[in-house]
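**Student:** Please read through the structure below; I'll follow up with questions.
In my numbering, the protein residues as written are 12 to 444.
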């Protein structure tokens with residue numbers, strides 16, 4: 012009897028603890044605690060989220076946010092915490108020019124319920140939505156590192172009518188390690204979409220980053236950029252209606268070190284679809300791999316199984332993409348394999364000032380207009396160009412079926428390339444003395 016009484020007493024005590032915890036907006040799921048941000052005090056959702064984060068303390072746990080609302084206060088998410096948004100529209104009023112509306116420390120996640128979770132970028136000042144904490148708060152800025160940050164399953168919608176060029180990013184990972192951005196929809200945002208890599212101070216760089224299965228529509232600047240990174244995978248993303256009309260050029264996927272100490276190592280660009288059929292101006296390139304700062308830490312890079320569509324296969328149209336795949340500016344060790352490029356205004360593939368490339372199994376359809384040929388190899392050395400197919404679709408006759416080597420190009424190999432009339436040999440226009 013005494014044992015039964017003790018068990019009942021313990022049960023009542025435990026029940027009281029749970030009720031008391033729930034009263035303050037907290038729940039317990041196993042060993043992980045949950046806080047409902049809406050139940051915490053604060054004039055806006057940002058303050059409520061920060062109070063919920065503070066209440067979790069150093070314990071791992073989730074912060075739930077429900078029903079939409081305004082976030083005017085910058086959110087700082089602590090290690091071990093997951094910020095989970097339900098469906099709804101969450102409007103940012105943070106007005107921060109150089110910092111993100113959300114600063115994410117290591118071992119944090121932000122998860123929506125799908126693209127019905129809509130986060131609206133600030134309407135007037137600032138564009139950065141998510142930023143790794145040490146990218147901006149560590150000194151020197153943009154050189155710090157964070158790790159294990161995951162962002163997924165939500166939409167970020169543009170609101171600021173201005174664009175900022177290639178300076179800021181909607182999702183700024185900085186030198187993040189083991190970080191993932193998956194199943195986001197960046198919808199009409201005004202700056203670079205997702206960027207991996209910060210400054211190289213202390214030998215820092217982004218590492219083991221995955222950018223996968225995201226949708227980018229009408230993104231004003233580069234949609235995905237890597238400036239300083241190793242082991243970065245850009246896989247299975249879709250890019251549509253790229254650019255904001257006539258305001259600035261953009262490239263869907265851009266590998267571009269900014270400092271001679273940056274690195275571009277083991278980068279994979281695979282299974283992406285770039286479709287600019289419904290863009291309304293010639294916005295730039297599809298995939299651009301460049302090394303204008305001449306970093307020695309470059310390569311290898313893999314560009315495989317991507318589709319670049321510059322426009323419809325119709326008469327009197329050259330499309331809205333300049334070069335489909337452009338490898339340039341002192342790059343090396345790039346593989347371009349099994350890609351399809353159609354109806355771009357300039358070259359389907361262009362190699363320029365680059366070395367030790369392997370380009371094989373690609374298909375170019377109605378590319379090369381305005382004096383720029385479908386496949387150009389300029390000032391390029393020690394590269395292999397094998398088994399590529401270059402065609403002009405009769406429904407879209409603007410284009411050429413030409414492989415041309417020019418400038419100081421040397422020691423390149425050609426084999427198995429073909430056009431509509433069979434085997435296609437390169438046209439050699441030597442600029443060597």
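Even for Gly, the Cβ is constructed at its ideal location relative to N, Cα and C.
Applying the 10 Å Cβ sphere with the 16-neighbour rule, what's the burial state of residue 450?
**Tutor:** In the structure as shown, the chain begins at 12 and stops at 444. Residue 450 is therefore absent and cannot be evaluated.
**Student:** Could you have a look at residue 234 and say whether DSSP puts it in helix, strand or coil?
**Tutor:** Mapped onto the chain shown, residue 234 falls at position 223. Coil at residue 234, not helix or strand.
**Student:** Quick one: using the 10 Å Cβ neighbour count with 16 as the cut-off for buried, is residue 190 buried or exposed?
**Tutor:** For the purposes of this step, residue 190 is taken as the residue at position 179 of the chain shown. So residue 190 ends up on the buried side.
**Student:** Using the rule of at least 16 other Cβ atoms within 10 Å of the residue's Cβ for burial, across every protein chain shown, is residue 489 buried or exposed?
**Tutor:** Outside the displayed range of the chain (12 to 444) lies residue 489, so it cannot be described from this structure.
**Student:** Can the beta-carbon of residue 180 be found less than 8 Å from the beta-carbon of residue 205?
**Tutor:** Taking the chain shown and counting its residues from 1, the one referred to as residue 180 is at position 169. Taking the chain shown and counting its residues from 1, the one referred to as residue 205 is at position 194. Yes, they are a contact pair.
**Student:** Apart from the five residues just before and just after residue 56, which ones in its own chain have a Cβ nearer than 6 Å to its Cβ?
**Tutor:** Locating residue 56 in the chain shown gives position 45, where the first residue counts as 1. Answer for residue 56: 80, 82, listed in chain order.
**Student:** Candidates 379, 304, 260, 93: which alpha carbon is nearest residue 453's?
**Tutor:** It is not possible to answer for residue 453, since the shown part of the chain is limited to 12 through 444.
**Student:** By Cβ distance below 6 Å, which residues in the same chain neighbour residue 99 in space, the five residues on each side in sequence not counted?
**Tutor:** If you number the chain shown from 1, residue 99 lands on position 88. Within the same chain, residue 99 has close Cβ partners 78, 79.
**Student:** Where do the N-terminal and C-terminal ends of the beta strand (DSSP E) with residue 351 fall, by residue?
**Tutor:** Counted from its first residue, the chain shown places residue 351 at position 340. That run of the beta strand (DSSP E) goes 351-353.
**Student:** If we count the other Cβ atoms within 10 Å of its Cβ and call it buried at 16 or more, is residue 105 buried or exposed?
**Tutor:** On the chain shown, residue 105 is found 94 positions in, with the first residue counted as 1. Its Cβ being crowded by 16 or more others within 10 Å, residue 105 is buried.
**Student:** Would you decide whether residue 424 is buried or exposed? Buried here means 16 or more other CB atoms lie within 10 Å of its CB.
**Tutor:** Position 413 of the chain shown, counted from the first residue, corresponds to residue 424. Residue 424 comes out exposed.
**Student:** Tell me whether the beta-carbon of residue 379 lies closer than 8 Å to the beta-carbon of residue 411.
**Tutor:** As a working mapping, residue 379 is identified with position 368 in the chain shown. As a working mapping, residue 411 is identified with position 400 in the chain shown. Taking 8 Å as the Cβ cut-off, residue 379 and residue 411 qualify as a contacting pair.
**Student:** Can you find at least 3 beta carbon pairs, one from the stretch 267-281 and one from the stretch 295-312, that sit closer than 8 Å?
**Tutor:** Contact check between the stretch 267-281 and the stretch 295-312: three or more CB pairs, one atom from each, fall below 8 Å, which counts as touching.
**Student:** On the three-pair Cβ rule with 8 Å, is the stretch 236-247 touching the stretch 276-285?
**Tutor:** yes
**Student:** What three-state label does DSSP hand residue 302 in the structure shown?
**Tutor:** The residue given as residue 302 occupies position 291 in the chain shown. It is coil, neither helix nor strand.
**Student:** Give the straight-line distance between the Cα atoms of residue 120 and residue 292, rounded to the nearest whole angstrom.
**Tutor:** Taking the chain shown and counting its residues from 1, the one referred to as residue 120 is at position 109. Taking the chain shown and counting its residues from 1, the one referred to as residue 292 is at position 281. Distance between the alpha carbons of residue 120 and residue 292 is about 37 Å.
**Student:** Would you check if the stretch 128-139 and the stretch 52-67 touch, i.e. whether three or more CB-CB distances between them fall below 8 Å?
**Tutor:** Note that the stretch 52-67 does not touch the stretch 128-139; fewer than 3 beta-carbon pairs, one per stretch, sit closer than 8 Å.
**Student:** Within this structure, are the beta carbons of residue 353 and residue 370 separated by less than 8 Å?
**Tutor:** Residue numbering aside, residue 353 sits at position 342 when the chain shown is read from its first letter. Residue numbering aside, residue 370 sits at position 359 when the chain shown is read from its first letter. Not closer than 8 Å, so no.
**Student:** Output yes or no for whether 8 Å exceeds the beta carbon distance between residue 263 and residue 250.
**Tutor:** To locate residue 263, count along the chain shown from 1; it is residue 252. To locate residue 250, count along the chain shown from 1; it is residue 239. In contact: residue 263 and residue 250 (Cβ atoms closer than 8 Å).
**Student:** Got a sec, what are the start and stop residues for the alpha helix (DSSP H) residue 63 sits in?
**Tutor:** Here residue 63 is taken as the residue at index 52 of the chain shown, counted from 1. Residue 63 -> alpha helix (DSSP H) spans 56-67.
**Student:** Counting only the same chain and skipping the five closest in sequence on each side, list residues whose C-beta sits under 7 Å from that of residue 218.
**Tutor:** In the chain shown, residue 218 corresponds to position 207, counting from 1. Taking C-beta separations shorter than 7 Å and ignoring five residues to either side along the sequence, the partners of residue 218 in its chain run 188, 240, 241, 242, following chain order.
**Student:** Among 356, 332, 368, which one has its Cα closest to the Cα of residue 348?
**Tutor:** To locate residue 348, count along the chain shown from 1; it is residue 337. Per the Cα distances, 368.
**Student:** Does the ligand MG have a heavy atom nearer than 7 Å to the CB of residue 299?
**Tutor:** Of ligands this structure carries none, so the ligand MG is not represented either.
**Student:** Should residue 109 go down as buried or exposed, given a rule of 16 or more other Cβ atoms within 10 Å for buried?
**Tutor:** Your numbering for residue 109 matches position 98 in the chain shown. By the 10 Å Cβ count, residue 109 comes out exposed.
**Student:** Excluding sequence positions up to five away, which residues of its chain have a Cβ less than 6 Å from the Cβ of residue 372?
**Tutor:** As a position in the chain shown, residue 372 is number 361, starting the count at 1. Contacts found: 348, 349, 398.
**Student:** Thinking C-alpha only, which one of 269, 125, 255 is nearest residue 234?
**Tutor:** Locating residue 234 in the chain shown gives position 223, where the first residue counts as 1. Comparing Cα-Cα distances from residue 234 to each of 269, 125, 255, the minimum goes to 255.
**Student:** Starting from residue 86, follow its DSSP beta bridges and name the residues at the other end.
**Tutor:** For the purposes of this step, residue 86 is taken as residue 75 along the chain shown, with counting starting at 1. In DSSP, residue 86 forms a bridge with 113.
**Student:** Tell me which residues share the same chain as residue 383 and place their Cβ nearer than 7 Å to its Cβ, disregarding the 5 neighbours each side in the sequence.
**Tutor:** Here the question's residue 383 lines up with position 372 in the chain shown. Same-chain partners within the cutoff: 357, 358.
**Student:** Between residue 318 and the rest of its own chain, which residues show a CB-CB distance below 6 Å, the 5 nearest in sequence each way excluded?
**Tutor:** One-based indexing of the chain shown puts residue 318 at position 307. Short of 6 Å from the beta carbon of residue 318, and not among the five residues preceding or following it, lie these beta carbons of its own chain, in chain order: 284, 351.
**Student:** To the nearest angstrom, how far is it from the Cα of residue 72 to the Cα of residue 329?
**Tutor:** Here residue 72 corresponds to residue number 61 of the chain shown, with the count starting at 1. Here residue 329 corresponds to residue number 318 of the chain shown, with the count starting at 1. Each residue's alpha carbon lies about 53 Å from the other.
**Student:** DSSP three-state label for residue 438, please.
**Tutor:** In the chain shown, residue 438 corresponds to position 427, counting from 1. The answer is strand: DSSP assigns residue 438 an E or B state.
**Student:** How big is the Cα-Cα spacing for residue 15 and residue 90?
**Tutor:** Here residue 15 is taken as the residue at index 4 of the chain shown, counted from 1. Here residue 90 is taken as the residue at index 79 of the chain shown, counted from 1. With a pLDDT of only 36 at residue 15, under 50, the local geometry of the prediction cannot be trusted, and the value read off the model is given with reservation. One C-alpha to the other measures close to 42 Å.
**Student:** Roughly how many angstroms separate the alpha carbons of residue 288 and residue 332, rounded to a whole number?
**Tutor:** Locating residue 288 in the chain shown gives position 277, where the first residue counts as 1. Locating residue 332 in the chain shown gives position 321, where the first residue counts as 1. The alpha-carbon atoms of residue 288 and residue 332 are separated by roughly 9 Å.
**Student:** Count the other CB atoms within 10 Å of the CB of residue 268; is the residue buried (16 or more) or exposed (fewer)?
**Tutor:** Sequence index remark: in the chain shown, residue 268 carries index 257 (1-based). Buried, since its Cβ has 16 or more Cβ neighbours within 10 Å.
**Student:** Would you tell me roughly how many angstroms separate the C-alpha atoms of residue 346 and residue 102, rounded to the nearest one?
**Tutor:** Within the chain shown, residue 346 is the residue found at index 335, counting from 1. Within the chain shown, residue 102 is the residue found at index 91, counting from 1. Taking the straight line joining both Cα atoms gives about 42 Å.
**Student:** Can you tell me whether residue 48 is helix, strand or coil according to DSSP?
**Tutor:** Walking along the chain shown from the start, residue 48 turns up at place 37. DSSP places residue 48 in the helix class (H, G or I) of the three-state scheme.
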